[in-house]
Structures are given as C-alpha cells and as structure tokens.
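Position 26 (the sequence shown) corresponds to 26 in the UniProt record's numbering; numbering is contiguous. See structure below.
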Amino acid sequence: MKLSDKQYDIAKNIITIVMPALITLIAGLGELYGFDSELIVGTIGLVTVFFGTVLRISTKKIRKELKEKYEED
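What follows is the structure, given as structure tokens:
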C-alpha cells in the first residue's frame, strides 16, 4: 500500500508531533492528579516507535525506487 504525499505528511506529523505530545500530556496529568500513567504512556510510546519504524522503512523503500527510476531515465 502506497500513501499519497498528503497521507504521508499526516502520518509523519502524528508520529513525530502528536504522539510524543500525547505521551507527555498523559504523564504530566498522571503526576498532577496522582494516577499511575506508566502503562498507558509505555503502550503509546511502543506503538509510536513501531509506526515510526514502519514509516521510516517505507520511506527508504520509496526513495530507493524513485532513485532507480530516475537513474533509468
């Protein structure tokens, strides 16, 4: 499955900006209100790293394909 440029930009922004901000928010609220946020913060962090890795691998693959395509022309 290939993402459009817009879909890629949205996914990248969610993974690199929104998710880390959400982790920080939940951890901070846990401290302020005295609830244990460790499990949810850890879970969101792991999911973020997973999708970040998948996105990076996909990006490398697309760049390689584009490079090969333009070298052929």
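Note that CB positions come from ideal geometry on N, CA and C, so glycine has one too. Quantities reported herein were computed from a predicted structural model and do not represent experimental measurements.
Helix, strand or coil, according to DSSP, for Ser-37 in the structure here? The DSSP-derived three-state label of Ser-37 is coil.
Taking 9 Å as the threshold (C-beta atoms), are Asp-36 and Gly-30 in contact? Contact: yes.
Local conformation of Ala-2 per DSSP, three classes: Before going on, a small fix: residue 2 reads as Lys here, not Ala. Taken through DSSP and simplified to helix, strand or coil, Lys-2 comes out as coil.
Could you tell me the distance, in whole angstroms, from the CA atom of Leu-66 to the CA atom of Lys-2? 13 Å
Can you give the Cα-Cα distance for Thr-48 and Ile-15, rounded to whole angstroms? 6 Å
If we ignore side chains and look at the alpha-carbon of each, how far apart do Tyr-70 and Ile-17 end up? Cα to Cα, Tyr-70 sits roughly 32 Å from Ile-17.
Do you know how far the Cα of Ile-26 is from the Cα of Tyr-33? 10 Å
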